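Sequential numbering from 3 applies to the sequence shown in my numbering.
Working notes, beginning with the structure itself.
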Amino acid sequence: MTDFLLETDRLVLRGWTDEDATPFLAMCSDPAVMEFLGPLASAAQVAEIIARQQGFQRDYGHCFWAIERKSDGQFLGFCGLKPGPVGTPLEGRVEIGWRLAREAWGQGYARESAAASLDWGFTVFGADAILAMTVLGNSRSWGLMERLGMTRRHDQDFDHPALAPEDPLRPHIVYSITQAEWAAQAR
3 MTDFLLETDR LVLRGWTDED ATPFLAMCSD PAVMEFLGPL ASAAQVAEII
53 ARQQGFQRDY GHCFWAIERK SDGQFLGFCG LKPGPVGTPL EGRVEIGWRL
103 AREAWGQGYA RESAAASLDW GFTVFGADAI LAMTVLGNSR SWGLMERLGM
153 TRRHDQDFDH PALAPEDPLR PHIVYSITQA EWAAQAR
């Protein structure tokens, strides 16, 4: 499923393909990548994640799209928009998220793909607001949220219902940005 295509200067955000499974599994098997995301993923779990994203794209017109570098076609991870998870303050709203392979860190790819996703979400999809969530310890993620102009929403922080009460990753923090806030930014 590669019908969707969003391009930036250096990146292509696109629908997922079967060829993405191997590099995505490698990425989801990297303890540094998964530090704030939960346990390392199995091949079956990766296949399920890809299928779920393909379903979001089919049903809603957006998902956490696969990212590839234009210069060499290398799979770098994902970024995009999807429906917020059920049972969380993001339910019924548009969520932005990203996950990049470690070798893609520190090169501005997350910001580039997230800015393109936000722009698409507001100008093409027509979202009024877009939210993001992470764990407090993931300063790289919430730092990017702030650099994108997103605002911390303490009133929306929550314990993720899919995680056990004793899981240190259960407490989540929420950031948001409205269409008006995004439009007012000088980019």
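C-beta: ideal position from N, C-alpha, C; glycine also.
Since the structure is predicted, the reported quantities are computational estimates derived from the model, not experimental observations.
Spatial neighbours of residue i in its chain, beta-carbon cut-off 6 Å, leaving aside the 5 residues before and after
i	result
Leu42	Ser31, Met36
Glu97	Lys84, Gly86, Leu133
Ala200	No answer is possible for residue 200: the residues shown for the chain start at 3 and end at 189.
Trp107	none
Ser141	none
Phe124	Gln181, Trp184
Leu27	Ala45, Val48
Beta-carbon proximity check, residue i vs residue j, cutoff 9 Å
i	j	result
Met29	Arg95	no
Val176	Asp159	yes
Pro25	Gln76	yes
Ala68	Arg16	yes
Phe66	Cys81	yes
Ala118	Leu150	no
Leu78	Leu102	yes
Reference residue i; option with closest CA among the options
i	options	result
Arg155	Ala134, Leu8, Arg71	Ala134
Ser178	Arg172, Ile51, Gly99	Gly99
His64	Leu78, Val126, Ala23	Val126
Ala49	Arg60, Asp20, Tyr62	Asp20
Leu92	Asp5, Asp157, Ala182	Asp157
Asp5	Ala46, Ile51, Arg60, Leu27	Arg60
Local Cβ density within 10 Å of residue i, reported as buried at 16 or more and exposed below that
i	result
Thr136	buried
Ala166	exposed
Thr153	exposed
Ala112	buried
Gln187	exposed
Asp22	buried
Ala129	buried
Residues near residue i by beta carbon distance below 7 Å, same chain, minus five either side
i	result
Val14	Leu7, Glu70, Lys72
Trp122	Leu8
Leu171	Phe38, Gly40, Val137, Leu165
Cys89	It is worth fixing the name first, because residue 89 is Gly in this sequence and not Cys. Closer than 7 Å at Cβ, skipping near neighbours: Pro163.
Residue i beta carbon near the ligand ATP (any heavy atom closer than 8 Å)
i	result
Gly82	Absence of the ligand ATP is noted for the structure shown, with no ligands found whatsoever.
Cβ-based neighbour list, residue i, same chain, cut-off 8 Å, excluding 5 preceding and 5 following
i	result
Glu114	Thr10, Asp11, Arg12, Leu13
His174	Thr90, Met135, Thr136, Val137, Asp159, Phe160, Asp161, His162
Tyr62	Lys84, Pro85
Pro33	Leu42
Ser183	Sequence inspection shows Glu at residue 183; the Ser mentioned does not correspond to that position. Same-chain partners within the cutoff: Gly151, Thr153.
### Task
Only counting runs of 4 or more residues, tell me where the alpha helix (DSSP H) segments fall wholly within the region 69-127, in order along the chain.
111-122
### Entirely enclosed alpha helix (DSSP H) segments - the region 16-50, minimum 4 residues
23-30, 33-36
### Query
What runs of the alpha helix (DSSP H), each 4 residues or longer, lie entirely inside the region 140-184?
Unbroken alpha helix (DSSP H) stretches of 4 residues or longer found wholly inside the region 140-184: 141-149, given in chain order.
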